[in-house]
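Read through the structure below, which is laid out as structure tokens, and then see the notes.
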Amino acid sequence: MSEKLKANKLGKGLRTIGDWQRYIATKLHQANVWFGHGAADGWEEANLLLSEITQLPFEVLPDYLEYRLAKEEREQLATLLAKRIEERKPAAYLVHKAWFAGLPFYVDERVLVPRSPIGELIQQQFSPWLTHEPQRILDLCTGSGCIAVACALVFPETLVDASDISEDALAVAQMNVSEYELEDQIKVIRSDGFEQLEKLEYDLIVTNPPYVDAEDMDDLPDEYHHEPELGLAAGEDGLDLVKRILLQSPDYLTENGMLICEVGNSEVHVSERWPELPVMWLSFEFGGSGVFLAYKEDLIAARAHIESR
């Protein structure tokens, strides 16, 4: 039977938010879809779809489980569920919304779906490592602009540059900057790494660059193929751009400046390629790994080690 669900054939048992929450979660798990684009399981994706259709915030959905959905709402949910299962398209793309650091962002297939554990660091204002409000922050490889926007909101006096090589991604980033009315605080810049940036000094460089290695690219679930490959693939070991960032970032950091970089599953490649790299691997309360912190002086001292490998 086709997964193209028709609301009028779903039966009288699917009327309330609670009915649809259970139904969506069950169908998603039965279909073996891949979770990992801002939702950990079928229940979280069900809540994302329900919140969007009903315009109810996530936190109040449990209070409305007996709320009866209108026919139009049921039809919309049926359509979204069918697309999620048949096309393997991440739910965030279906509703054009993803959450990062507790904030909603517009997303489409021009950018990766935000899911970085760096969001937890931003909410903590990078404590305990950052001990003062920075004057300038660079969000390198900004994608949707979520890191830049979240940083600007927690540091309202800080100037933030958001750079990316992709014009498509920058168009989405600019939409999110404008949505939060941060045009005076965030500058969106097209740049291939550091190449087109002004020679400014930043107290903090935050980057979530492409870092997926060739083997992982070949094995990615279907959901990831809806995302731009430019934001994922980074050579045989996933470190093509990371090496450039390690070598060039000290030139753009203040005297006590620091780099925070996500490399995900390529953490093992970093450790193998640069066993003496002076970085601190960070841990997260709400899950995630593969993020390191490094200070300017340490990166300068390690340049020969980085360059040689």
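Taking the numbering used here, the leading residue of the sequence shown gets -7, the next gets one more, and so forth.
No residue lacks a Cβ here, since even glycine has one placed at the ideal position from N, Cα and C.
Given the structure is predicted, the values throughout are model-derived calculations rather than measurements.
About 7 angstroms separates the Cβ atoms of Val262 and Leu269, confirming a contact at the 8 angstroms cut-off. In the structure shown, Cys138 adopts helical secondary structure according to DSSP, grouped into three states.
Three or more Cβ pairs closer than 8 angstroms define a contact, and the segment 237 to 244 falls short of that threshold against the segment 100 to 115. Distance check between Gln47 and each of Pro96, Val198, Gly5 places Pro96 closest, using alpha-carbon atoms only. CA-CA distance, Leu224 to Ile45, rounds to 30 angstroms.
Under DSSP, the beta-bridge partners assigned to Glu254 are Val283.
With respect to the 9 angstroms criterion, Leu130 and Val103 are not classified as neighbours on the basis of their beta carbons. Per DSSP, Arg14 is one residue of the alpha helix (DSSP H) stretching across 9 to 22. Closest in alpha carbon position to Arg295, among Met272, Arg236, Ser258, Ser275, is Arg236. For Asp232 and Lys191, the gap between their C-alpha atoms comes out near 22 angstroms. Taken in chain order, the whole alpha helix (DSSP H) runs of length 4 or more contained in the segment 169 to 205 number zero.
Looking at Gln116, Tyr85, Asp211, the one whose alpha-carbon comes closest to that of Ala31 is Tyr85.
Residue range 151 to 156 is occupied by the beta strand (DSSP E) that includes Ala154. Annotation for Leu130: no alpha helix (DSSP H) segment contains it, though the beta strand (DSSP E) segment containing it runs 128 to 132.
DSSP, read as helix, strand or coil, puts Glu247 in strand. Distance from the Cα of Glu65 is smallest, within the candidate group Ala165, Leu42, Thr150, Ala90, for Leu42.
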